[in-house]
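**Student:** Before I ask anything, let me first share the structure, which is written out below as structure tokens.
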Amino acid sequence: MSHALFENIYVEKNAASDAVTLRILERLGCSDPEYIVHYKDVFDLRKEGCASGRSLILARNPGKHLYEGAPVCQSFGNEHFYYSPGVMNCIYDCEYCFLKGMYPGRDICIFTDIEETFAEIEKLEKDFPVYVCASYNTDLNALESITGFVSEWCREALEHENISVELRTKCSRTDIYKNLPVSQRAIFAFTLSPDEVTERFEKGTPGLSERIGAVNAAMEAGFPVRLCFDPMIYFRNWEDSYTAMIDKVASSVDLSKVRDISIGSFRISDQYLKNMRKKFPESEVVQYPYVCVSGYYQYPDKVRIRMEDHIKGLIAGKCPGALIYDWR
Amino acid sequence: METCNKTEIPDVLASDLVLSESMKNRLRQICIYAALTGIDLDEMRDKLTAEGKLPCSDKNSSKKVLSEIYDYVACSF
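Chains as they are written, first to last, in our numbering: chain G, 1 to 328; chain R, 1001 to 1077.
Given below as structure tokens:
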């Protein structure tokens, strides 16, 4: 990755000397960032339209380093489930992503004080096992060349028996896994979608075949792997598309070696969807007439159950013993 | 009979139904999605008219028709 990926690079003055800042600037070949007082001075600016460029902001996290997981997110049986906003925003451009409702623009903010995050988790770890989604507001694998954070999270999981980390990704890189510290507590979770969903709704992301390549690379390196068929999107021809997707995955991945599988149809908080509907009036997936249940928009039961049962049936047919987590 | 905001709801459909504000919002969203996905609402309206379900004279019957329209647009792929 190079400096050319970002229109501008900003550095908060108080993060200017941080080791992570210097590492990132060096990796991007940037010797003259613009210095700012607070990351929000740039990050919170509204940018018009999707075509506008993207800036990178390096800053220290002034707020919480850990948040409790949302009720519509999978905890995979973990009682103490958190997410860490170490990087805010994603390099990809998925139309349905909650980040589009949460953040005002496309800029990415990297918090350089990741050691503070680890210190906070290690405090909790003394009392109970902690499960952290480290790639919740971003795709850390896709940014690994810039940040090195995937490696740091893997190291943290390796060195602490009571800390498990999920690294969720759509990235197709296969080269990173053999150089990462391996443990059974660093779980790579791959979001897999039919090619039609990728082409129509997940701009900038690799196709299914490429993502499957990354799944196999992670497994070969010894990492536990989770397959996430989530979110499932409803569209004309969805049933054939998802059937073809499962066929392809099952023929390319040894499902019996996969740690577990997560499935879920699309759902999102009402406030985020309201924001997204204003920003994206032409988006089929955003403008679907979802039903609101307890503050979250989701498909009506007759659609949701059909979709989720369909994919569960397909998976069970290919791998009867597969451990499947359903977001409900 | 109530009239409704006709920004995204086709006039003929709006005038066939008796809608509360929340029903109008629901129908508006259905119409937006139908337009984006190429679902023909005229066809649905003609069918409902032929079945004697349109025009509606009250909110109760409108609610049932709205539910049918919703299923047609949002649940039929």
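Glycine included, each C-beta is placed from N, C-alpha and C at the ideal position.
1) Judging by CA-CA distance, which residue of G:M276, G:S193, G:A119 is the nearest neighbour of G:A157?
2) Going straight from the alpha carbon of G:N89 to that of G:D240, what length do you get?
3) I want to verify the contact list: residues of chain G whose CB lies under 7 Å from the CB of R:C1075, in sequence order.
4) Tell me the DSSP secondary structure of R:Q1029 in three-state form.
5) Going by alpha carbons, who is nearest to G:I9 out of G:R27, G:S17, G:D32?
6) My output table needs one value for G:V249: the three-state DSSP class, helix, strand or coil.
7) Closest Cβ-Cβ distance between R:I1009 and chain C: below 8 Å?
8) In chain order, which beta strand (DSSP E) runs of at least 3 residues are fully inside the segment 211-249 of chain G?
9) Any beta carbon of chain R sitting closer than 8 Å to that of G:W153?
10) Mind checking which residues open and close the alpha helix (DSSP H) that includes G:R200?
11) Start and end of the beta strand (DSSP E) containing G:T191?
12) Check this for me: beta carbons of G:F188 and G:V225, under 8 Å apart or not?
13) If the cut-off is 8 Å on Cβ atoms, which residues from the segment 1028-1039 of chain R count as contacting chain G, listed in chain order?
14) Over the uninterrupted beta strand (DSSP E) stretch that includes G:Y82, give me the two end residues.
15) Whose Cβ in chain R lies nearer than 8 Å to the Cβ of G:Q287?
16) Under 7 Å Cβ-Cβ, which residues of chain G neighbour R:Y1070?
17) Would the beta-carbon of G:L124 fall within 8 Å of that of G:V150?
18) Start and end of the alpha helix (DSSP H) containing G:L25?
19) From the beta carbon of R:R1026, is the nearest beta carbon of chain G less than 8 Å away?
20) For the segment 228-243 of chain G, list every residue whose C-beta sits within 9 Å of some C-beta in chain R, in sequence order.
21) Does G:E282 have its Cβ less than 8 Å from a Cβ in chain R?
22) Figure out for me which residue from G:R211, G:E95, G:E12 has the closest Cα to the Cα of G:L58.
23) Quick one: measure Cβ to Cβ for G:S172 and G:A214, integer angstroms, because I've assumed they're closer than 8 Å.
24) For the beta strand (DSSP E) that contains G:S164, what are its first and last residues?
25) For G:K248, which option in G:V303, G:S262, G:E210 has the closest C-alpha, if you only look at C-alpha atoms?
26) Is it buried or exposed, G:N179, if we count other Cβ atoms within 10 angstroms and call 16 or more buried?
27) By how many angstroms is the C-alpha of G:I246 removed from the C-alpha of G:I263?
28) When the Cα atoms are used, what is the spatial distance from G:Y234 to G:M307?
29) Would the beta-carbon of G:V132 fall within 8 Å of that of G:Y67?
30) Report all residues from its chain with a CB closer than 8 Å to the CB of R:A1074; omit the five preceding and five following residues, and keep chain order.
31) Between which residues of its own chain and G:G53 is the CB-CB distance below 6 Å, once the five residues before and five after are set aside?
32) Rounded to the nearest angstrom, what separates R:V1065 and G:W238 at their Cα positions?
33) Distance check for G:F43 and G:P104, CA to CA, integer angstroms please.
34) Could you pull the DSSP bridge partners for G:F111 from this structure?
35) Do G:S265 and G:P231 come within 8 Å of each other at the CB atom, strictly closer than that value?
36) Three or more C-beta pairs closer than 8 Å, one from the segment 1014-1022 of chain R and one from the segment 1054-1071 of chain R: is that the case here?
**Tutor:** In terms of the structure at hand:
1) Within the first sequence, numbered from 1, the residue matching residue 157 of chain G stands at position 157. The shortest CA-to-CA distance from G:A157 to any of G:M276, G:S193, G:A119 is the one to G:A119.
2) Numbered from 1 along the first sequence, position 89 holds the residue referred to as residue 89 of chain G. Numbered from 1 along the first sequence, position 240 holds the residue referred to as residue 240 of chain G. Approximately 32 Å between the Cα atoms of the pair.
3) Your numbering for residue 1075 of chain R matches position 75 in the second sequence. Residues of chain G with a Cβ closer than 7 Å to the Cβ of R:C1075 are, in chain order, P300, K302, V303.
4) Numbered from 1 along the second sequence, position 29 holds the residue referred to as residue 1029 of chain R. Annotated three-state conformation of R:Q1029 is helix, per DSSP.
5) Taking the first residue of the first sequence as 1, we reach residue 9 of chain G at position 9. When C-alpha distances from G:I9 are compared across G:R27, G:S17, G:D32, the shortest belongs to G:D32.
6) Along the first sequence, one-based indexing puts residue 249 of chain G at 249. DSSP places G:V249 in helix when its eight states are reduced to three.
7) The structure shown contains no chain C; the protein chains it does contain are G and R.
8) Runs of the beta strand (DSSP E) lying entirely within the segment 211-249 of chain G, each at least 3 residues long, are 225-232 in chain order.
9) Counted from its first residue, the first sequence places residue 153 of chain G at position 153. For G:W153, the answer is no, since every Cβ of chain R falls outside 8 Å of its Cβ.
10) Along the first sequence, read from residue 1 onward, the residue named residue 200 of chain G stands at position 200. Per DSSP, G:R200 belongs to the alpha helix (DSSP H) from 195-201.
11) For the purposes of this step, residue 191 of chain G is identified with residue 191 of the first sequence, where counting begins at 1. Per DSSP, G:T191 belongs to the beta strand (DSSP E) from 186-191.
12) To locate residue 188 of chain G, count along the first sequence from 1; it is residue 188. To locate residue 225 of chain G, count along the first sequence from 1; it is residue 225. In this structure, G:F188 sits near G:V225, with a CB-CB distance shorter than 8 Å.
13) For the segment 1028-1039 of chain R, which is checked against every Cβ of chain G, the residues closer than 8 Å are Q1029, I1030, I1032, Y1033, L1036, T1037.
14) Within the first sequence, numbered from 1, the residue matching residue 82 of chain G stands at position 82. Following the DSSP letters along the chain, one finds G:Y82 inside the beta strand (DSSP E) bounded by residues 81-83.
15) The residue you call residue 287 of chain G lines up with position 287 of the first sequence. Residues of chain R passing the Cβ test: Q1029, I1032, Y1033, L1036.
16) As a first step, residue 1070 of chain R is located in the second sequence; it is residue number 70 there, counting from the start. Going along chain G in sequence order, the residues near R:Y1070 (Cβ under 7 Å) are P289.
17) Here residue 124 of chain G is taken as the residue at index 124 of the first sequence, counted from 1. Here residue 150 of chain G is taken as the residue at index 150 of the first sequence, counted from 1. The answer is no: Cβ separation not under 8 Å.
18) Position 25 of the first sequence, counting from 1, holds the residue named residue 25 of chain G. Here the alpha helix (DSSP H) through G:L25 covers 19-28.
19) If you number the second sequence from 1, residue 1026 of chain R lands on position 26. Contact of R:R1026 with chain G is assigned, a C-beta pair being separated by under 8 Å.
20) Cβ contacts with chain R come from Y234, F235, R236, N237, W238, E239.
21) Walking along the first sequence from the start, residue 282 of chain G turns up at place 282. At least one C-beta of chain R is nearer than 8 Å to the C-beta of G:E282.
22) Residue numbering aside, residue 58 of chain G sits at position 58 when the first sequence is read from its first letter. Minimum Cα distance to G:L58 is reached at G:E12.
23) The residue labelled residue 172 of chain G in the question sits at position 172 within the first sequence. The residue labelled residue 214 of chain G in the question sits at position 214 within the first sequence. Indeed they touch by this definition, with Cβ atoms about 5 Å apart.
24) Translated into the one-based positions of the first sequence, residue 164 of chain G becomes position 164. Residues 163-169.
25) Taking the first residue of the first sequence as position 1, residue 248 of chain G is located at position 248. Nearest option by C-alpha distance: G:E210.
26) Start at 1 with the first residue of the first sequence, and residue 179 of chain G comes out as number 179. With fewer than 16 other Cβ atoms within 10 Å, it is exposed.
27) By 1-based counting over the first sequence, the position of residue 263 of chain G is 263. By 1-based counting over the first sequence, the position of residue 246 of chain G is 246. Straight-line measurement puts the Cα of G:I246 at about 12 Å from the Cα of G:I263.
28) Taking the first residue of the first sequence as position 1, residue 234 of chain G is located at position 234. Taking the first residue of the first sequence as position 1, residue 307 of chain G is located at position 307. Their Cα atoms are separated by approximately 8 Å.
29) Residue 132 of chain G sits at position 132 when you count from the first residue of the first sequence. Residue 67 of chain G sits at position 67 when you count from the first residue of the first sequence. In this structure, G:Y67 does not lie closer than 8 Å to G:V132 by Cβ.
30) Taking the first residue of the second sequence as 1, we reach residue 1074 of chain R at position 74. Counting only Cβ-Cβ distances below 8 Å, and skipping sequence neighbours, we find I1030, Y1033.
31) As a first step, residue 53 of chain G must be located in the first sequence, where it is residue number 53. Excluding residues within five positions, the ones whose Cβ falls inside 6 Å are E7.
32) Translated into the one-based positions of the second sequence, residue 1065 of chain R becomes position 65. Translated into the one-based positions of the first sequence, residue 238 of chain G becomes position 238. For R:V1065 and G:W238, the distance between alpha carbons rounds to 26 Å.
33) Position 104 of the first sequence, counted from the start, is the residue given in the question as residue 104 of chain G. Position 43 of the first sequence, counted from the start, is the residue given in the question as residue 43 of chain G. Computed Cα separation, rounded: 8 Å.
34) For the purposes of this step, residue 111 of chain G is taken as residue 111 along the first sequence, with counting starting at 1. Looking at the DSSP assignment, G:F111 forms a beta bridge with G:A59.
35) Locating residue 231 of chain G in the first sequence gives position 231, counting from the first residue. Locating residue 265 of chain G in the first sequence gives position 265, counting from the first residue. With respect to G:S265, G:P231 sits close: the two C-beta atoms are nearer than 8 Å.
36) Touching, per the Cβ criterion.
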